[in-house]
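Read through the structure below, which is laid out as structure tokens, and then see the notes.
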Amino acid sequence: MALVETRNLTKTFFDVGAPIEVLRDVNFSVERGGMVGIVGESGCGKSTLLYVLGTLEQPTAGEVFFDGKPVLGSDSPLKTDAALSAFRNKMIGFVFQFHGLIAEFDTLENTMMPALIAGVDRAAAIEKATDILDKLGLGDRLHHKPGELSGGEQQRAAFARALLMEPALILADEPTGNLDVATGEKLWDLMFAINETWNTAFVVVTHNERLARRLPHLYRLAKGALEEVA
478 MALVETRNLT KTFFDVGAPI EVLRDVNFSV ERGGMVGIVG ESGCGKSTLL YVLGTLEQPT
538 AGEVFFDGKP VLGSDSPLKT DAALSAFRNK MIGFVFQFHG LIAEFDTLEN TMMPALIAGV
598 DRAAAIEKAT DILDKLGLGD RLHHKPGELS GGEQQRAAFA RALLMEPALI LADEPTGNLD
658 VATGEKLWDL MFAINETWNT AFVVVTHNER LARRLPHLYR LAKGALEEVA
């Protein structure tokens, strides 16, 4: 059974009343522990697909399933924003091009945030966040603010935050797009290490096809259609 699956997924936006179909009947799946890349031209809808997979956007038509159960679509039991937020917090981690760390909080506090939102005891959240940060090479940066970290360290902290609730899936939107080549390579190595260590599935949107071809499965999105790249 697929970890996440879409069936006839369609997403349409309207520009001055004219429909723009950015996703059209997309049928797509990711296995538990799988690693998938999505490439395509800028503005083709890659990020939109990621946001729908992550339940941040509702599809115009079609369904999204997680472990065989509907999470988006007419049959989904998750009818409220609160229900969807709780589902996301537990099951999905997000990493974006810009780290999204809160400037006023240090690395440890930023990493703890998903656990505190979920109502986890603060002491337990501190222990878990410290452990993950140490494993990602940030054990000596716990009390540094985001502005005191390098770009690579900021993204490592973003991955630590995404991993805190032990999600089955991480959705990464251009996670190396704001980094230099060498640092970007190291971050890709980190994603493979996370996948191997935690068996965490990844869907990675990127414009860097050279790096994307390191992934076992690669798809191209064009004119609303998603096709696997041989």
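Using our numbering, the first residue of the sequence shown is number 478, and each one after it goes up by one.
The beta-carbon is built from N, C-alpha and C at its ideal position, and this holds for glycine as well.
Keep in mind it's a predicted model, so treat the numbers as computed, not measured.
- Take residue 479, set aside five residues on each side of it, and the residues of its chain with a beta-carbon closer than 7 angstroms to its own are 506, 507 and 508, in chain order.
- When only Cα atoms are considered, residue 489 and residue 524 end up about 14 angstroms apart.
- For secondary structure counted as the alpha helix (DSSP H) over 4 or more consecutive residues, the region 584 to 636 holds these complete runs in sequence order: 584 to 594 and 599 to 612.
- The beta carbon of residue 688 sits closer than 6 angstroms to the beta carbons of 665 from its chain, once the five residues preceding and following it are set aside; these are given in chain order.
- As computed with DSSP, residue 681 is found in a beta bridge with 514 and 649.
- The Cβ-Cβ distance between residue 626 and residue 584 falls below 8 angstroms.
- Following the DSSP letters along the chain, one finds residue 687 inside the alpha helix (DSSP H) bounded by residues 686 to 689.
- In this structure, the beta-carbon distance from residue 681 to residue 637 does not fall below 8 angstroms.
- Under DSSP, residue 547 takes part in a beta bridge, and its partners are 542.
- Residues 583 and 584 of the same chain have their beta carbon placed closer than 7 angstroms to that of residue 621, with the five preceding and five following residues left out of the count.
- For residue 564, same chain residues with a beta-carbon under 7 angstroms away, outside a window of 5 residues either side, are 532, 548 and 555 in chain order.
- Between residue 672 and residue 510 a beta carbon distance of about 7 angstroms is seen, short of the 8 angstroms cut, so the two are scored as contacting.
- Only residues of its own chain outside the window of five on either side were considered, and among them 595, 642 and 644 have a CB closer than 8 angstroms to the CB of residue 567, listed in chain order.
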